[in-house]
Amino acid sequence: MERPNLPDPLRPRPIEPLPSPLRPGQYIGPREEELGRILKEILDRLTTIENRLKTIEEQLKTRY
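So the sequence shown is numbered by the numbering used here: it starts at 22 and just counts up by one.
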């Protein structure tokens, strides 16, 4: 009967360093195809905000 492969308390395995969030090269960001979509979405939202502000500006000009 074989013994299960249990860790030996007298010979512990080396401890691997924990991954650091500040270590460069570890970040996995959005893929290139996602970046185009994200930037277009941001541009669309900014354009919408700009148009709303222009509308408000025109309304204020006509009131005063």
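Even for Gly, the Cβ is constructed at its ideal location relative to N, Cα and C.
ask   = What are the start and end residues of the alpha helix (DSSP H) that includes arginine 84?
value = 53-84
inquiry  = Quick check: isoleucine 63 and proline 51, are their CB atoms within less than 8 Å of each other?
reply    = no
query = Rounded to a whole number of angstroms, what is the C-alpha to C-alpha distance between leucine 74 and threonine 83?
reply = 14 Å
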